[in-house]
Each structure stands twice: as C-alpha cells, then as structure tokens.
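Below: the structure, in structure tokens.
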C-alpha cells in the first residue's frame with residue numbers, strides 16, 4: 001500500500017532556513033501537497049506542486065520534487081517563530097480521490 | 001465564512017459510552033472525510049463519502065459508523081467508546097475536478113476526544 005514518510009522533529013534557530021523532507025510511494029501521484037497545522041487547529045494547505053514540476057517557489061516557501069527518488073521537500077527561508085507548527089506532506093492516490101498523509105514533522109523555531 | 005464546522009470541540013467519554021461527532025460544510029462539495037490524528041502516526045482515514053447517499057470504509061473503520069445525512073452533513077458515531085479511540089478527529093472536504101485538485105482539502109478545527 002501507499003506510504004508517506006517524514007521525520008518527526010526539526011529544530012531551527014530564528015532566521016535560519018528550515019528544510020522538511022518527505023518520501024512517498026505512489027509514483028503516479030499527480031499532485032503533492034504541504035499542509036501546516038498550528039497548535040489546537042486543523043490543517044491548512046500551504047502549497048502544492050504538480051508532478052511534472054521540479055520546483056515551485058512561493059514567497060518564503062520553496063518546494064522541490066525529485067520524482068526519480070520519490071522525494072519531496074519544503075524549504076522555509078528566514079524561519080520565524082510563527083512558523084512553529086506541524087507540517088504534513090500528502091499525495092493524492094492516483095487510483096482514487098483519497099489523499100494520503102505523512103506522519104507530520106514538528107518544527108520548533110528557537111528565538 | 002465558507003468552511004467546515006465540527007462539534008463538539010472537546011469531549012470526555014467513559015469506556016462503553018456512545019457519542020456522535022458532527023460535521024457540516026457549506027462549500028457545496030460532494031466529498032467528505034473523517035480522519036483521526038494520533039502522535040507519530042499522521043492522519044488516518046476512518047470513513048469517507050464520495051457523494052450524498054454513499055459511504056465507504058477507510059484505513060481504520062473498526063469501532064465507528066458514519067451517516068451522510070445530506071450534502072452538507074457527515075456524522076461519525078462511536079457506539080461503544082474504547083480508550084484506543086482517544087484521538088483528535090478531523091472532518092474534511094475537497095472540490096471535485098482535475099483543475100480544482102490544487103485546492104486540496106479544507107479541514108474542520110477538530111474534535112479532541114478522550115476516552116477514560
């Protein structure tokens with residue numbers, strides 16, 4: 001079955017860059033997503049990337065996709081304390097309309 | 001404001017009690033989902049409904065039932081709660097169509113359930 005994996009924790013200093021990594025298994029996924037979950041809240045869509053793209057930049061966020069290795073990453077430039085949250089990657093199963101989420105990476109930003 | 005509304009936000013149950021988690025969306029979407037979130041395990045799909053009148057099992061359906069009451073509402077019922085069902089429950093929806101997949105899911109704010 002499909003599986004999406006992430007490391008559980010990441011700690012960075014304010015102002016540094018953060019890189020959150022994800023590996024997925026469904027090579028035919030069309031869309032891949034990054035969600036952010038702040039404490040006590042639901043998940044909110046941060047950004048997405050089409051499977052035919054290698055990179056997408058959106059202000060402080062850069063998404064890199066390596067289809068050969070089935071590896072997705074999210075880089076946050078100039079990380080701020082407000083970026084502290086859990087970040088989930090997700091892929092859309094190509095055979096259904098269901099989304100498969102990773103385990104989530106808890107990002108802690110140190111002042 | 002358009003979105004997904006879940007009630008209640010918090011609930012404590014005793015083992016064996018029953019309860020229903022409510023979810024309503026005003027986004028006019030056909031698909032609705034129930035997930036549970038547990039530390040280190042991400043989100044796991046419990047049940048989903050592709051359209052009004054249809055429901056299907058997800059990854060972890062045991063101990064749960066669902067009802068798609070109408071296009072707006074999708075409820076999750078625990079008939080006999082167990083401590084293993086202590087979790088945060090999220091309802092979600094998304095639009096249909098290839099060009100709309102970029103919008104992903106819209107989630108409710110969650111129900112934090114503790115079973116003692």
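Residue numbers (our numbering), protein chains in the order written: chain W, 1 to 111; chain D, 1 to 116. Cβ atoms here follow ideal geometry from the backbone N, Cα and C, with glycine treated the same way.
Euclidean distance between Cα positions of residue i and residue j
i                      : j                      : result
residue 58 of chain W  : residue 7 of chain W   : 23 angstroms
residue 31 of chain W  : residue 91 of chain W  : 6 angstroms
residue 71 of chain D  : residue 63 of chain D  : 24 angstroms
residue 13 of chain D  : residue 51 of chain W  : 44 angstroms
residue 16 of chain W  : residue 116 of chain D : 42 angstroms
residue 113 of chain D : residue 11 of chain D  : 5 angstroms
residue 95 of chain D  : residue 99 of chain W  : 13 angstroms
residue 110 of chain D : residue 53 of chain D  : 24 angstroms
residue 20 of chain D  : residue 9 of chain D   : 12 angstroms
residue 54 of chain W  : residue 67 of chain W  : 8 angstroms
residue 1 of chain W   : residue 84 of chain D  : With a pLDDT of only 47 at residue 1 of chain W, under 50, the local geometry of the prediction cannot be trusted, and the value read off the model is given with reservation. Each residue's Cα considered, the two are about 24 angstroms apart.
residue 46 of chain W  : residue 38 of chain D  : 21 angstroms
residue 109 of chain W : residue 43 of chain W  : 19 angstroms
residue 85 of chain W  : residue 51 of chain D  : 32 angstroms
residue 88 of chain D  : residue 20 of chain W  : 23 angstroms
6 angstroms Cβ shell around residue i - same chain, five flanking residues per side excluded
i                     : result
residue 49 of chain D : 32, 55, 68, 74
residue 77 of chain W : 17, 60
residue 48 of chain W : 31, 33
residue 56 of chain W : 49, 63
residue 13 of chain W : 110
Distance CB(residue i)-CB(residue j) smaller than 8 angstroms
i                      : j                      : result
residue 47 of chain D  : residue 90 of chain D  : no
residue 34 of chain W  : residue 64 of chain W  : no
residue 18 of chain W  : residue 72 of chain W  : no
residue 4 of chain D   : residue 86 of chain D  : no
residue 17 of chain D  : residue 81 of chain D  : yes
residue 37 of chain W  : residue 101 of chain W : no
residue 104 of chain W : residue 42 of chain D  : yes
Contact list for residue i against chain W, beta-carbon separation under 8 angstroms
i                     : result
residue 90 of chain D : 42, 43
residue 48 of chain D : 98
Contact list for residue i against chain D, beta-carbon separation under 7 angstroms
i                      : result
residue 99 of chain W  : 105
residue 104 of chain W : 42
residue 33 of chain W  : 104
residue 8 of chain W   : 40
Close beta carbons around residue i, own chain, < 7 angstroms, minus the five adjacent residues each side
i                      : result
residue 124 of chain D : Any answer about residue 124 of chain D is impossible in this case: the structure gives chain D only from 1 up to 116.
Query raised in the report: Pairing CB atoms from the region 77-92 of chain D with CB atoms from the region 60-69 of chain D, are three or more of them under 8 angstroms?
Result: yes
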